[in-house]
Each structure stands twice: as C-alpha cells, then as structure tokens.
C-alpha cells in the first residue's frame with residue numbers, strides 16, 4: 001500500500017529536519033518514496049480537504065477518471081464546483097492531473113496533527 005503523509009502544524013525545525021533526512025537518504029542513493037504535504041494549521045487543512053473533496057478523492061482512487069466532466073457526472077455534482085475542487089486538490093498535492101484525467105496514486109492518507 002502506498003501512502004501520503006499529511007502533517008498539520010509542527011515547528012519549522014521539525015519540517016526542516018524531515019527535509020534534511022530525506023535529502024541525506026537521497027544523497028546516499030537509498031530508494032524511498034516519502035511523500036508528505038505540510039499544512040501550517042488545522043484550518044489550512046480543513047479549507048483544502050472538505051467532506052465533498054474527501055468523497056472526490058475516494059472516488060478517484062477507486063475509478064478511472066478520464067476527465068473532470070466525467071467525474072462531475074459520476075458524482076452527480078456541478079462541473080464548476082468539481083473543477084474547483086480538483087484544482088484545489090491538485091494544488092495541495094493530493095491529486096495528479098494529466099492528459100485531462102485525474103488520479104490519486106496512493107491508498108491512504110496518514111495524518112499527524114500537532115497540538
């Protein structure tokens with residue numbers, strides 16, 4: 001199973017340490033696939049990952065999606081809103097978009113929320 005790490009909060013030192021660790025492993029030639037997205041706050045994550053966007057991610061993960069229009073039809077939602085949701089999730093790094101299609105190439109989102 002491939003995963004995506006989502007980190008919410010934390011200090012700049014913690015984020016920097018994770019980056020340096022990944023850099024050092026890459027320099028040593030280690031094969032790894034750490035993928036992480038960092039949000040400054042809970043509010044930042046909640047703004048990007050709404051309930052409807054979570055449903056969209058789940059659908060995209062389990063179905064071939066050749067276009068945003070086909071995704072909107074499958075979800076029974078307005079094309080403009082789905083397009084805006086796809087753009088937000090692509091910008092956040094949670095979706096990939098190529099050749100008009102949309103995909104999520106991970107099976108789970110692991111979340112660490114600092115309090």
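Numbering (the working numbering), first residue to last: 1 to 115.
Note that the Cβ used here is the ideal one computed from N, Cα and C, for glycine as well.
Point to revise | residue 171 vs residue 65 beta-carbon contact at 8 Å | key: Given a span of 1 to 115 for the chain in the structure shown, any question on residue 171 remains unanswerable.
**Study point:** Counterpart residues of residue 112 in DSSP-defined beta bridges
**Key:** DSSP lists 7 as partners of residue 112.
Review point. Could you check where the beta strand (DSSP E) with residue 97 kicks off and where it finishes?
Key: Looking at the DSSP string, the run of the beta strand (DSSP E) that includes residue 97 is 96-98.
Exercise for review: Report buried or exposed for residue 85, applying the criterion of at least 16 other Cβ atoms within 10 angstroms of its Cβ.
Suggested key: Classification of residue 85: buried, given that the 10 Å Cβ count is 16 or more.
Practice item. Classify residue 44 as helix, strand or coil using the three-state DSSP reduction. Key: Residue state, collapsed to three classes: helix.
Point to revise | Whole-angstrom C-beta distance between residue 104 and residue 57, which should lie under 8 Å | key: Confirmed, Cβ separation roughly 6 Å.
**Study point:** Beta-carbon proximity check, residue 20 vs residue 112, cutoff 8 Å
**Key:** Against a cut-off of 8 Å, the Cβ pair of residue 112 and residue 20 comes out as no contact.
Check your understanding: Secondary structure at residue 104, three-state DSSP: helix, strand or coil?
Key -> It is coil, neither helix nor strand.
Check your understanding: Out of curiosity, what's the CA-to-CA distance linking residue 81 and residue 30?
Key -> If you take the alpha carbons of residue 81 and residue 30, they lie about 41 Å apart.
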